[in-house]
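Asker: Please read through the structure below; I'll follow up with questions.
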Amino acid sequence: MLIAAVPGEGGSGRLLPLDDGGRPTGPAVTAPSLAAAVAAHEAASRPRWVWPSTLAIYPGLLAAGTRVERCHDVELTEALLLGSAGSWGAPRSVAASLARLRGTVVPPDPPPVAASPPGGGQGTLFAAPASAPAVTLDDLVTVYADQRARMAAVPSHPGRFRLLVAAESAGALVAAEMGAAGLPWRADVHDALLRELLGPPSAVGGPPARLVTLAAEIAAAFGVRYLHPESPGELLKAFHRAGVDVPNTRSWTLQQVDHPAVRPLLAYKELFRIWTAHGWAWRDAWVRDGRFRAEYVPGGVVSGRWASRGGGALQIPKVVRRAVIADPGWRLVVADAAQLEPRVLAAVSGDDRLAAAARAGDLYAALANDAFDGDRAKAKVALLGAMYGQTGGAAIPALAALRSHYPTAFDYVENAARTGEGGGLVRSWLGRTCPPSSVSLDVTGYDGGDAPDSGRSRARGRFTRNFVIQATAAEWALALLATLRTSLAGTAAELVLFQHDEVLVHCPAEQADDVIAAVHAAGARATQALFGDTEVRFPMEAVAVDCYAEAK
DNA sequence: AGTTTCATATGG
DNA sequence: CTCGCCATATGAAACT
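Counting in the numbering used here, the first sequence runs from 3 upward without gaps.
If you want it as structure tokens, here you go:
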């Protein structure tokens with residue numbers, strides 16, 4: 003059962019039931035409250051909702067207390083289909099899709115709305131961007147029918163592509179729910195942590211006490227009255243005057259330098275980072291009512307990983323994770339997929355010998371015993387070097403050993419690299435297509451027309467080499483997330499963070515063991531969904547803790 | 001003065 | 001040119 007839905011004015015909406023082929027089975031209905039109408043259908047038949055954009059519609063439903071089980075997100079699907087056809091970056095709105103279908107002028111997508119801190123602006127729950135014209139049910143259903151036809155006609159493995167569309171749509175539901183739930187965040191613990199590291203905050207918003215002290219120590223070490231330790235230019239000059247010439251002022255570089263300013267400077271850089279990126283200003287902007295609420299963007303990264311807007315939700319430094327604490331009587335289940343990318347390589351390449359190593363809990367150790375004289379570190383750099391396209395350093399001899407022992411896996415990433423170097427496109431396991439080189443010009447600098455052996459061509463090769471792995475890993479993680487969401491539905495447990503290969507669930511303490519079991523089951527189901535009866539194992543490490551910092 | 005790029009940090 | 005992939009966010013510096 004399918005129901006098409008579009009939002010209208012003031013929280014209203016229009017609904018139209020569809021048969022399994024996407025054809026209307028009855029008259030369209032106008033509902034004064036879209037949230038109420040959706041809730042009623044959900045209770046009655048749990049349909050798959052066909053709507054223009056989960057991110058635009060679902061937060062409003064959630065605010066009204068309405069959850070849905072399944073959806074088909076037309077805009078996300080359009081992006082996948084456009085990529086599959088090699089037209090990257092084309093507008094993906096329903097209006098644009100319809101215009102392409104009819105051969106009329108394709109309107110541009112409205113620009114993304116910048117995330118605003120929770121207290122910082124007016125509520126945007128139901129406020130559509132002013133430039134987005136209302137979508138009619140007819141248009142939505144027309145585009146949906148066309149998408150079904152195109153999904154059936156993708157270049158290869160339409161069954162896998164359907165799974166990709168379902169996973170992408172389910173991910174969008176999770177992203178909205180996670181944004182609504184928020185990550186438990188104790189502002190008082192955060193404040194105590196900041197005071198412990200930085201000293202008391204300055205009354206006027208200037209640097210806290212410990213940064214002031216360190217800055218004075220640095221200046222004294224250079225024999226000057228004052229300098230700005232956060233200014234690379236000033237630092238380079240100061241080191242030069244002291245007879246030390248460094249190429250840059252990165253921590254890793256300065257660690258090699260013997261000078262009295264280095265020690266306080268390294269401390270300053272670390273603390274300055276915390277103060278500016280996750281200090282009191284960040285907390286005041288992003289933490290409300292015990293929750294850090296970020297905005298997640300499913301499919302926001304070309305590889306299919308999520309991006310986030312505002313608050314840096316996917317870059318929470320390890321030290322400040324001490325402020326992520328479960329509510330009283332609740333626990334946080336922290337779960338992550340161990341060695342996900344090398345296991346993906348084993349599965350997609352069909353390399354029997356690597357797959358045999360990937361049966362082990364520690365893939366690198368198995369690899370070391372198999373082909374690297376027990377040297378685990380060497381095995382690891384070899385495998386990572388092969389997946390990232392490393393060209394120098396200690397990985398080179400290790401790569402030769404990898405090639406001779408696992409030729410099938412090695413050839414898989416080599417072929418992806420050569421395709422990219424030649425200006426070609428590669429796809430993930432489920433059929434996500436990498437952007438053409440002209441789109442990633444900003445990243446790789448390669449426009450597809452350079453000499454095959456140019457630096458830009460090789461950069462493109464590294465990109466496509468890694469894409470086939472990273473994008474497939476993202477798909478596996480998305481499948482896990484969708485499965486886990488389903489098994490937690492109807493319980494008190496909430497998904498509160500998803501970070502590429504890591505999931506956090508906030509749940510009543512007595513439910514924690516069940517959640518851990520559900521995580522393991524979801525991993526097994528994701529593996530089965532993508533790879534069938536593969537020999538490769540994808541183990542999840544899951545623990546229940548009170549505080550995020552206790553995990554790993 | 002406002003906008004873009006650079007340098008450096010964080011995360012996977 | 002510390003590496004080789006994918007990101008976001010900050011302040012400084014450069015640019016319009």
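Using N, Cα and C, we set each Cβ at its ideal position, and we do this for glycine too.
Helix, strand or coil: how does DSSP classify E232 here?
Answerer: Three-state DSSP puts E232 in coil, outside helix and strand.
Asker: At what residues does the alpha helix (DSSP H) containing V505 begin and finish?
Answerer: That residue, V505, is in no alpha helix (DSSP H); its beta strand (DSSP E) goes E504 to P510.
Asker: What are the complete alpha helix (DSSP H) segments, minimum 4 residues, inside the region 7 to 68?
Answerer: Entirely contained in the region 7 to 68, the alpha helix (DSSP H) runs reaching 4 residues are, in chain order, 36 to 47 and 56 to 65.
Asker: Would you mind sorting T68 into buried or exposed? The rule is 16 or more other CB atoms within 10 Å of its CB.
Answerer: Per the 10 Å Cβ criterion, buried.
Asker: What are the start and end residues of the alpha helix (DSSP H) that includes M153?
Answerer: From DSSP, the alpha helix (DSSP H) with M153 extends over L139 to A154.
Asker: For the alpha helix (DSSP H) containing W254, list its first residue and its last residue.
Answerer: Where W254 is concerned, the enclosing alpha helix (DSSP H) stretches over S253 to L256.
Asker: Do you know how far the Cα of S47 is from the Cα of G424?
Answerer: For G424 and S47, the distance between alpha carbons rounds to 50 Å.
Asker: Out of A379, I5 and W277, which one is the CA nearest neighbour of A396?
Answerer: Closest by alpha carbon: A379.
Asker: Please confirm whether F163 and G433 have their CB atoms less than 9 Å apart.
Answerer: In contact: F163 and G433 (Cβ atoms closer than 9 Å).
Asker: Take the Cβ of G352 as the centre, count every other Cβ of all protein chains shown within 10 Å, and call the residue buried at 16 or more, exposed below.
Answerer: It counts as exposed.
Asker: Once the 5 residues before and after T32 are set aside, which same chain residues still bring their CB inside 6 Å of it?
Answerer: Once the five neighbours on either side are set aside, the close Cβ partners of T32 are R16.
Asker: Report all residues from its chain with a CB closer than 8 Å to the CB of E170; omit the five preceding and five following residues, and keep chain order.
Answerer: Cβ neighbours of E170 beyond the five flanking positions: D75, L78, T79, L82, P300, G301, G306 and L480.
Asker: Please say whether L63 and V52 have beta carbons closer to each other than 9 Å?
Answerer: Not a contact, by the Cβ cut-off of 9 Å.
Asker: Applying the criterion that 16 or more other CB atoms from any shown protein chain within 10 Å of the CB defines a buried residue, is H43 buried or exposed?
Answerer: Per the 10 Å Cβ criterion, buried.
Asker: I need the DSSP call for M3, collapsed to helix, strand or coil.
Answerer: It is coil, neither helix nor strand.
Asker: Can you tell me where the alpha helix (DSSP H) holding R405 begins and where it ends?
Answerer: Residues A397 to H407.
Asker: Cα-Cα, which of G13, V350, A6 and A38 is closest to G28?
Answerer: Comparing Cα-Cα distances from G28 to each of G13, V350, A6 and A38, the minimum goes to A6.
Asker: In terms of DSSP beta bridges, what is D75 paired with?
Answerer: Partner(s): W53.
Asker: To which residues of the same chain is V137 closer than 6 Å at the C-beta, ignoring the five residues directly before and after it?
Answerer: Here the set comprises V8, P54 and V96.
Asker: Buried or exposed: where does Q257 fall if 16 or more other Cβ atoms within 10 Å of its Cβ makes it buried?
Answerer: When all chains shown are included, Q257 counts as exposed.
Asker: Give the straight-line distance between the Cα atoms of P319 and E272, rounded to the nearest whole angstrom.
Answerer: Using only the alpha carbons, I get a separation of about 11 Å.
Asker: What did DSSP end up calling R311 once you bin it into helix, strand or coil?
Answerer: Three-state result, R311: strand.
Asker: Mind checking which residues open and close the alpha helix (DSSP H) that includes A189?
Answerer: Residues A189 to L200.
Asker: Just the C-alpha distance for I518 and V145, rounded to the nearest angstrom, thanks.
Answerer: Their Cα atoms are separated by approximately 40 Å.
Asker: Per DSSP, which residues does Y270 bridge with? Please list them.
Answerer: DSSP output for Y270 lists no bridge partner at all.
Asker: Any idea which residues DSSP pairs L385 with across the strands?
Answerer: None, per the DSSP bridge assignment.
Asker: Tell me which residues share the same chain as D21 and place their Cβ nearer than 6 Å to its Cβ, disregarding the 5 neighbours each side in the sequence.
Answerer: Correct list, in chain order: T27.
Asker: Given a threshold of 16 other Cβ atoms within 10 Å of its Cβ, counted over all protein chains shown, does H230 qualify as buried or as exposed?
Answerer: By the neighbour-count rule (16 or more Cβ atoms within 10 Å), H230 is not buried but exposed.
Asker: Tell me I327's beta-bridge partners as DSSP assigns them.
Answerer: I327 is bridged to C549.
Asker: With which residues is M542 paired in a DSSP beta bridge?
Answerer: DSSP lists A339 as partners of M542.
Asker: Using DSSP's beta-bridge definition, name the partner residues of E297.
Answerer: According to DSSP, which records beta bridges pairwise, E297 is partnered with R311.
Asker: Under a three-way DSSP split, which group does T435 fall into?
Answerer: Here T435 sits in strand by DSSP.
Asker: According to DSSP, which residues form a beta bridge with R333?
Answerer: DSSP output for R333 lists C509 as bridge partner(s).
Asker: What's the C-alpha gap between A296 and V304?
Answerer: For A296 and V304, the distance between alpha carbons rounds to 20 Å.
Asker: Report the partner residues of E496 according to the DSSP bridge assignment.
Answerer: H508, per the DSSP bridge assignment.
Asker: Using the C-alpha atoms, what's the distance from L486 back to P409?
Answerer: Approximately 35 Å, taken between the alpha carbons.
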